[in-house]
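Enquirer: Input: one structure, supplied below.
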Amino acid sequence: MDAMTQHRSFVLGHVRDGRISVDEAAAILRISERQVQRLLAALRAEGVAGLVHGNRGRAPGHRTPELLRARLVELATTTYAGVNRAHLADLLAEREGLVVPVRTLRRVLAEAGLTAARKRRPRQHRARRERVAQAGQLLQLDGSRHRWLGRDAPFLTLVGAIDDATGVVTAGTFRAQEDAAGYFAVLSHTVWGFGLPAAVYSDRHTIFVTEGRRMPSLAEQLAGREPTTQVGRALAAAGIGWIGARSPQAKGRIERLWGTLQDRLVAELRLAGASSLEEANVVLAAYLPRHNERFAVPAADAVGAWRPWSLADPVEAVSCFHYPRRVANDATVSWTGRPLAVPRRSAGGSWAGRAVIVEERLDGSLWLAHRDGRVRLAAAPPDAPTLRARKLHDGSRGKPDHPVDRPGRPSGGYPAKPDHPWRR
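Per our numbering, the sequence shown starts with residue 173, numbered consecutively.
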């Protein structure tokens with residue numbers, strides 16, 4: 173018998189014995205007079221047991237069945253071990269067909285003695301920057317170096333982009349390290365899938381800005397341009413503005429994305445059995461649409477700021493590496509110490525002496541760009557051997573096969589004569 177039942181039994185006993193009235197008992201117990209009459213009748217009929225609520229000890233009708241509880245505990249400790257509770261609820265619905273609310277899942281696992289892999293921190297007050305109004309108005313770029321394939325696997329860098337207005341991850345790719353090629357790939361896939369953003373927001377990495385780290389080239393000086401990087405040149409050519417962040421906290425949108433992916437994506441990679449960079453990129457491509465469906469929000473302005481690609485050059489010709497070269501007299505350009513043959517010009521004339529751009533594209537192909545257009549490059553044929561008159565024999569006729577042994581010079585040198593000036 174609990175304390176409330178004991179208290180009610182004591183007060184109702186006084187009413188039964190005529191020591192207090194029904195209205196006084198109602199005021200003491202803080203219940204209505206009609207409820208006092210009901211409890212008093214139950215006390216007279218069943219004794220103190222009649223004061224206990226009829227549902228006490230009875231399992232609620234909405235309680236999670238024991239078989240389902242056991243199944244949830246089994247999956248949480250085997251197949252999906254280490255997955256956070258919210259992600260686990262999503263995976264159970266997608267892969268196991270078990271639709272369980274997150275709060276129910278947390279309660280069931282807590283009652284089974286399973287602690288969460290990550291402690292839930294209380295919400296803190298933050299003055300976040302408001303999202304931009306239009307999708308495509310601002311794109312945040314960054315790279316995250318992490319052991320994505322497991323604690324014992326080597327580090328990989330996930331290069332990605334997130335739309336500031338909607339939280340949509342427009343593109344992502346795994347790289348061995350954070351490099352310009354990764355950002356070129358992210359920008360290309362973003363343009364193909366969504367369009368050109370108005371501006372990008374990133375840290376002040378040397379991939380994006382030089383900041384006095386090199387002197388301008390002669391061509392840049394003659395054109396009055398500041399020295400730029402490969403990615404900076406591509407952004408400028410596409411008409412995309414660049415904004416540099418001064419701290420990681422300034423680009424909090426994508427930093428929080430990394431926290432989510434380092435939890436959810438790591439679990440997805442483990443469940444898919446990915447063990448290499450190539451396999452990780454396959455899993456990432458399948459995961460991103462589900463991630464966007466789960467976390468994206470509508471933009472404040474329904475009219476987007478994405479722009480179609482309107483440049484004459486294709487995306488893959490802009491979002492790649494550009495190297496200035498000058499064509500030699502034999503219609504070749506030098507590339508990493510080897511010559512590349514330049515095809516014949518369609519307009520006629522010679523390529524010799526012309527300033528051109530060699531494009532190293534993401535698929536590994538090399539192209540030569542000029543104001544007349546662009547052509548694909550191939551390795552030049554090897555130089556022809558130089559022909560000259562040679563001797564009819566090798567000059568060894570009549571000579572011994574092995575050198576003749578001659579006495580060597582004494583190691584101590586020749587002794588000085590007795591009348592040598594040194595001996596005087």
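Glycine is no exception: its CB is placed at the ideal position from the N, C-alpha and C atoms.
Give the C-beta separation of leucine 321 and alanine 446 to the nearest angstrom, bearing in mind that I take them to be a contact with Cβ-Cβ under 8 Å.
Expert: As a first step, residue 321 is located in the sequence shown; it is residue number 149 there, counting from the start. As a first step, residue 446 is located in the sequence shown; it is residue number 274 there, counting from the start. That pair is a contact at about 6 Å.
Enquirer: Whole alpha helix (DSSP H) runs in the region 178 to 254 with 4 or more residues, listed along the chain?
Expert: Correct list: 194 to 201, 205 to 218, 238 to 249.
Enquirer: Roughly how many angstroms lie between the CA atoms of glutamine 309 and alanine 468, to the nearest whole one?
Expert: Taking the sequence shown and counting its residues from 1, the one referred to as residue 309 is at position 137. Taking the sequence shown and counting its residues from 1, the one referred to as residue 468 is at position 296. Their backbone Cα atoms lie some 16 Å apart in a straight line.
Enquirer: Please confirm if aspartate 336 has its CB atom under 8 Å from at least one CB of chain C.
Expert: The chain inventory of the structure shown lacks chain C, comprising one protein chain alone.
Enquirer: Checking the sheet assignment: what are the DSSP bridge partners for phenylalanine 493?
Expert: Counting from 1 along the sequence shown, the entry for residue 493 is found at position 321. The partner list for phenylalanine 493 (beta bridge, DSSP) reads Glu532.
Enquirer: State the DSSP-derived secondary structure class of phenylalanine 366, mapped to helix, strand or coil.
Expert: The residue labelled residue 366 in the question sits at position 194 within the sequence shown. The answer is coil: DSSP assigns phenylalanine 366 none of H, G, I, E or B.
Enquirer: Kindly indicate which three-state DSSP category arginine 514 falls into: helix, strand or coil?
Expert: Residue numbering aside, residue 514 sits at position 342 when the sequence shown is read from its first letter. The question names arginine, yet the displayed sequence has valine at residue 514. Note: valine 514 maps to coil in three-state DSSP.
Enquirer: Would you kindly check if the distance between the Cβ of alanine 422 and the Cβ of alanine 305 is under 8 Å?
Expert: One-based indexing of the sequence shown puts residue 305 at position 133. One-based indexing of the sequence shown puts residue 422 at position 250. Not in contact: alanine 305 and alanine 422 (Cβ atoms no closer than 8 Å).
Enquirer: Alpha helix (DSSP H) containing arginine 275: first to last residue?
Expert: Position 103 of the sequence shown, counted from the first residue, corresponds to residue 275. First-last of the alpha helix (DSSP H) with arginine 275: 274 to 283.
Enquirer: Can you tell me whether valine 341 is helix, strand or coil according to DSSP?
Expert: Counting from 1 along the sequence shown, the entry for residue 341 is found at position 169. In this structure, valine 341 counts as strand in the three-state DSSP scheme.
Enquirer: With 16 other CB atoms within 10 Å as the buried threshold, where does tyrosine 495 fall?
Expert: Locating residue 495 in the sequence shown gives position 323, counting from the first residue. Tyrosine 495 comes out exposed.
Enquirer: Say whether the region 233 to 244 touches the region 273 to 284, bearing in mind that this needs 3 or more beta-carbon pairs closer than 8 Å, one atom from each stretch.
Expert: Counting Cβ pairs under 8 Å, three or more are found: they touch.
Enquirer: Is aspartate 591 helix, strand or coil by DSSP?
Expert: Here the question's residue 591 lines up with position 419 in the sequence shown. Three-state result, aspartate 591: coil.
Enquirer: Excluding sequence positions up to five away, which residues of its chain have a Cβ less than 8 Å from the Cβ of arginine 466?
Expert: Position 294 of the sequence shown holds residue 466. The answer, listed in chain order, is Asp262.
Enquirer: As a quick exercise: from Arg405, Ala370, Leu313, pick the residue whose alpha carbon is nearest that of leucine 330.
Expert: Counting from 1 along the sequence shown, the entry for residue 330 is found at position 158. The residue with the shortest Cα to Cα distance from leucine 330 is Leu313.
Enquirer: Is the CB-CB distance between valine 499 and alanine 524 below 8 Å?
Expert: As a working note, residue 499 is residue 327 in the sequence shown. As a working note, residue 524 is residue 352 in the sequence shown. Against a cut-off of 8 Å, the Cβ pair of alanine 524 and valine 499 comes out as a contact.
Enquirer: Kindly indicate which three-state DSSP category tryptophan 539 falls into: helix, strand or coil?
Expert: Indexing the sequence shown from 1 puts residue 539 at position 367. Three-state result, tryptophan 539: strand.
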